[in-house]
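For the protein sequence lines, the chains are G and S, in the order given.
Each number in the numbering used here corresponds to the 1-based position in the first sequence with 14 added.
Each number in the numbering used here corresponds to the 1-based position in the second sequence with 104 added.
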Amino acid sequence: MAIYKNFHSPHINLFRNSSCLSSSTLAPSIPERGKERKKQNPRFFSETMSYDDVEIEDMEWNEELKAFTYPCPCGDLFQITKEELRIGEEIARCPSCSLYITVIYNMEDFQDNKSSKTIEPPKQQPVAVA
Amino acid sequence: MEQQEDEEQQNEQEIWSWGAGTDGQLATGKLQDEHTPQILRPLSAAFGGPITSLSCGGAHVIALSPGGRVLTWGRGSSGQLGHGDMINGLEPKVVKALEGYVIVHASAGWNHSGFVSDDGALFTCGDGSFGQLGHGDYKSQCCPLQVSYFSSKPVEQVACGMRHSLVLLKDYVDNQVYGFGLGKRGQLGISTEKIKSTNVPQMTVGLTNLTVANISANGDHSAALSADGNLYTWGRGFGCASDTCTPRLFDAALSFNEVALGWDHALLLTRDAEVFMLGGDRHGVLGDPEKTSLTGDTSGKSQEGIIMLTIPDLIGTKVQQIAAGAEHSALVTGRKEVDFVSFEIYRCILRRHCSKLCR
Numbered sequence: 015m016a017i018y019k020n021f022h023s024p025h026i027n028l029f030r031n032s033s034c035l036s037s038s039t040l041a042p043s044i045p046e047r048g049k050e051r052k053k054q055n056p057r058f059f060s061e062t063m064s065y066d067d068v069e070i071e072d073m074e075w076n077e078e079l080k081a082f083t084y085p086c087p088c089g090d091l092f093q094i095t096k097e098e099l100r101i102g103e104e105i106a107r108c109p110s111c112s113l114y115i116t117v118i119y120n121m122e123d124f125q126d127n128k129s130s131k132t133i134e135p136p137k138q139q140p141v142a143v144a
Numbered sequence: 105m106e107q108q109e110d111e112e113q114q115n116e117q118e119i120w121s122w123g124a125g126t127d128g129q130l131a132t133g134k135l136q137d138e139h140t141p142q143i144l145r146p147l148s149a150a151f152g153g154p155i156t157s158l159s160c161g162g163a164h165v166i167a168l169s170p171g172g173r174v175l176t177w178g179r180g181s182s183g184q185l186g187h188g189d190m191i192n193g194l195e196p197k198v199v200k201a202l203e204g205y206v207i208v209h210a211s212a213g214w215n216h217s218g219f220v221s222d223d224g225a226l227f228t229c230g231d232g233s234f235g236q237l238g239h240g241d242y243k244s245q246c247c248p249l250q251v252s253y254f255s256s257k258p259v260e261q262v263a264c265g266m267r268h269s270l271v272l273l274k275d276y277v278d279n280q281v282y283g284f285g286l287g288k289r290g291q292l293g294i295s296t297e298k299i300k301s302t303n304v305p306q307m308t309v310g311l312t313n314l315t316v317a318n319i320s321a322n323g324d325h326s327a328a329l330s331a332d333g334n335l336y337t338w339g340r341g342f343g344c345a346s347d348t349c350t351p352r353l354f355d356a357a358l359s360f361n362e363v364a365l366g367w368d369h370a371l372l373l374t375r376d377a378e379v380f381m382l383g384g385d386r387h388g389v390l391g392d393p394e395k396t397s398l399t400g401d402t403s404g405k406s407q408e409g410i411i412m413l414t415i416p417d418l419i420g421t422k423v424q425q426i427a428a429g430a431e432h433s434a435l436v437t438g439r440k441e442v443d444f445v446s447f448e449i450y451r452c453i454l455r456r457h458c459s460k461l462c463r
């Protein structure tokens with residue numbers, strides 16, 4: 015991604031972005047289930063808005079976390095479990111920061127009588143250690 | 105005399121890091137975030153010289169020495185560090201698999217890495233779930249593996265995004281840029297229609313009759329700068345703009361030297377040392393927290409939903425270098441300081457890690 019080459023600045027003497035708040039104090043409340051998804055511009059958000067709308071097929075199943083995940087700009091992963099999807103949750107949260115995304119999926123795909131095979135994205139291939 | 109000066113510079117090199125650190129990406133030896141820049145132990149002992157470039161990915165870092173050796177550290181869960189395992193590295197470590205090659209260019213993506221040797225060979229490792237390693241499969245690799253597609257096409261640069269990669273070939277006048285990996289947002293630039301993914305490199309469409317000097321990838325964005333300073337972008341649209349499947353010339357009466365892509369913004373450095381920005385104004389613009397609103401000077405031109413902002417605090421300031429993380433930016437000005445541009449996430453700390461090289 016970003017490449018920094020041959021920096022010639024002798025000092026970093028300014029670090030302006032010092033304001034910070036813990037994720038817990040900013041975590042937005044979970045919207046009421048069944049509430050119609052906001053149709054506002056998904057690319058603009060405030061503290062009460064989703065960082066992005068992501069389709070379930072673009073999320074990756076993480077066996078270790080037992081959750082569907084999507085990259086968070088903070089470096090961690092947005093996460094949502096099958097159980098959450100089954101009960102209609104549409105918010106996937108990042109455990110490391112206050113951001114969350116709205117997951118677009120068909121709730122019926124996660125009901126008990128349906129096989130989950132059809133909706134699981136391809137798992138990561140095992141890696142041969144050289 | 106010159107050599108002596110070089111040695112002094114080597115001894116004076118300082119590397120600082122800050123931001124998210126829970127995967128070891130800050131090289132502080134700790135798994136914790138740092139809110140202020142931390143000076144690191146000199147890497148020259150392990151490396152045999154100063155570092156000439158740093159590339160920061162999702163949570164890992166690739167550093168190069170002038171002799172073409174490679175150090176990596178940070179998140180290694182997909183094999184992106186190239187050490188033959190899938191574990192995080194808290195300390196910078198030489199990539200042994202690349203010893204014997206002179207690596208002159210590297211790029212760190214979300215969870216994958218690309219390396220280019222002086223003779224034009226391309227190596228990739230890390231997450232390959234979307235075909236972003238270019239080996240013709242969807243397997244991950246924990247050791248850098250040469251991309252055979254380019255064995256007869258010398259590579260100059262590689263750019264790794266979230267789930268895709270771009271490659272710039274050496275010495276080609278036309279069709280020098282290739283893409284592979286996820287293409288759902290048009291970020292591969294290989295077809296006028298959206299392509300889900302490809303695990304084999306394919307030529308981009310439309311970058312003809314021009315010499316490409318630089319390529320960039322981040323998030324689902326892609327960009328190329330021509331030798332004459334024209335900017336081409338493709339992939340996810342900035343701000344509210346729609347996605348673009350093939351490289352599109354950014355129509356501005358400006359000549360660009362550098363482009364730095366975030367996940368929803370791009371910084372553009374003109375040949376007159378001015379900075380412009382595409383998208384990215386939703387978290388507020390630059391420095392003064394009191395001014396984190398859309399009150400930036402919007403005198404820039406607007407086209408198809410793309411707003412070109414001039415950054416208020418920087419009017420009249422000569423900018424030397426630009427860099428962008430997912431949701432934040434950094435500038436090096438002639439004022440001998442790093443200006444940290446606050447595209448703040450919920451006024452929260454800049455969680456994306458940063459590493460800076462100072463002399």
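Heads up, the beta-carbon is just placed ideally off N, CA and C, and yes, glycines get one too.
No experiment lies behind these values; they were computed from the predicted model shown.
Proximity winner among the options, relative to residue i (alpha-carbon distances)
{"i": "F219(S)", "options": "S330(S), P154(S), V259(S)", "result": "V259(S)"}
{"i": "L358(S)", "options": "V199(S), T176(S), R375(S)", "result": "R375(S)"}
{"i": "T312(S)", "options": "L237(S), Q291(S), L353(S), K422(S)", "result": "L353(S)"}
{"i": "D90(G)", "options": "D137(S), F151(S), C349(S), L335(S)", "result": "D137(S)"}
{"i": "T350(S)", "options": "L435(S), Q250(S), M266(S), I299(S)", "result": "I299(S)"}
{"i": "M63(G)", "options": "F92(G), I105(G), E78(G)", "result": "I105(G)"}
{"i": "E362(S)", "options": "I319(S), G183(S), V281(S)", "result": "I319(S)"}
{"i": "A81(G)", "options": "D66(G), P87(G), E97(G)", "result": "E97(G)"}
{"i": "G180(S)", "options": "H187(S), N192(S), V277(S)", "result": "N192(S)"}
{"i": "T176(S)", "options": "V198(S), D355(S), Q291(S)", "result": "V198(S)"}
{"i": "D66(G)", "options": "F380(S), K422(S), D368(S)", "result": "D368(S)"}
{"i": "P85(G)", "options": "M266(S), F151(S), L418(S)", "result": "M266(S)"}
{"i": "P87(G)", "options": "G213(S), P170(S), G235(S)", "result": "G213(S)"}
{"i": "D127(S)", "options": "V165(S), F151(S), T156(S), Q117(S)", "result": "V165(S)"}
{"i": "G171(S)", "options": "A321(S), G153(S), Q184(S)", "result": "G153(S)"}
{"i": "L249(S)", "options": "L194(S), A370(S), H325(S), G183(S)", "result": "G183(S)"}
{"i": "Q280(S)", "options": "T302(S), T308(S), K288(S)", "result": "T308(S)"}
{"i": "K288(S)", "options": "D347(S), Q245(S), D355(S)", "result": "D347(S)"}
{"i": "S121(S)", "options": "L144(S), K134(S), S148(S), T302(S)", "result": "L144(S)"}
{"i": "H209(S)", "options": "S148(S), T132(S), L273(S), L314(S)", "result": "L273(S)"}
{"i": "S169(S)", "options": "G429(S), V206(S), S252(S)", "result": "V206(S)"}
{"i": "R100(G)", "options": "D123(G), E69(G), M73(G)", "result": "D123(G)"}
{"i": "G133(S)", "options": "G188(S), L194(S), F151(S)", "result": "L194(S)"}
Span separating the alpha-carbon of residue i from that of residue j
{"i": "G333(S)", "j": "V316(S)", "result": "9 angstroms"}
{"i": "S433(S)", "j": "L382(S)", "result": "12 angstroms"}
{"i": "T296(S)", "j": "G240(S)", "result": "22 angstroms"}
{"i": "L254(S)", "j": "F284(S)", "result": "In the sequence as presented, Leu is not what sits at residue 254(S); that position holds Phe. Approximately 13 angstroms between the Cα atoms of the pair."}
{"i": "G310(S)", "j": "P146(S)", "result": "45 angstroms"}
{"i": "Q306(S)", "j": "I294(S)", "result": "6 angstroms"}
{"i": "Q142(S)", "j": "Y276(S)", "result": "42 angstroms"}
{"i": "E203(S)", "j": "S221(S)", "result": "11 angstroms"}
{"i": "F59(G)", "j": "R107(G)", "result": "Residue placement at F59(G) cannot be trusted, given a pLDDT of 41 that sits under 50; what the coordinates show is reported in the next sentence. Their backbone Cα atoms lie some 15 angstroms apart in a straight line."}
{"i": "L270(S)", "j": "I426(S)", "result": "20 angstroms"}
{"i": "G290(S)", "j": "V304(S)", "result": "16 angstroms"}
{"i": "I119(S)", "j": "Q129(S)", "result": "13 angstroms"}
{"i": "G230(S)", "j": "G420(S)", "result": "42 angstroms"}
{"i": "C264(S)", "j": "G366(S)", "result": "12 angstroms"}
{"i": "V436(S)", "j": "Q125(G)", "result": "53 angstroms"}
{"i": "F360(S)", "j": "G339(S)", "result": "19 angstroms"}
{"i": "S326(S)", "j": "L79(G)", "result": "30 angstroms"}
{"i": "S112(G)", "j": "D278(S)", "result": "45 angstroms"}
{"i": "D355(S)", "j": "G224(S)", "result": "32 angstroms"}
{"i": "S38(G)", "j": "Y282(S)", "result": "Summary for S38(G): the model assigns pLDDT 34, below 50, so the residue's position carries little reliability; its value from the coordinates is reported in the next sentence. Those two C-alpha atoms are separated by around 43 angstroms."}
{"i": "T116(G)", "j": "R173(S)", "result": "42 angstroms"}
Buried or exposed (CB count within 10 angstroms, at least 16 for buried), residue i
{"i": "P109(G)", "result": "exposed"}
{"i": "G238(S)", "result": "buried"}
{"i": "K422(S)", "result": "exposed"}
{"i": "E77(G)", "result": "exposed"}
{"i": "E431(S)", "result": "buried"}
{"i": "E46(G)", "result": "Here the model assigns E46(G) a pLDDT of 35, short of 50, so the residue's position is not dependable, and the following value carries that caveat. Answer is exposed; the Cβ neighbour count stays below 16."}
{"i": "S467(S)", "result": "Because chain S is modelled from 105 through 463, residue 467(S) falls outside the range shown and cannot be assessed."}
{"i": "A331(S)", "result": "exposed"}
{"i": "G341(S)", "result": "buried"}
{"i": "S157(S)", "result": "buried"}
CB contact check: residue i to chain C, cutoff 8 angstroms
{"i": "S110(G)", "result": "No chain C appears in the structure shown, which is made up of the protein chains G and S."}
What beta strand (DSSP E) runs, 3 residues minimum, are completely inside the segment 361-386 of chain S? Taking only runs of at least 3 residues, the beta strand (DSSP E) segments lying wholly in the segment 361-386 of chain S are 369-374, 379-383.
How about the segment 213-228 of chain S and the segment 148-168 of chain S: do they share at least three Cβ pairs that are nearer than 8 angstroms? A contact exists between the segment 213-228 of chain S and the segment 148-168 of chain S.
Note down, one range per segment and in chain order, each beta strand (DSSP E) of at least 3 residues found wholly within the segment 154-221 of chain S. Fully enclosed beta strand (DSSP E) runs of 3 or longer: 157-160, 164-168, 174-178, 193-198, 207-212, 216-221.
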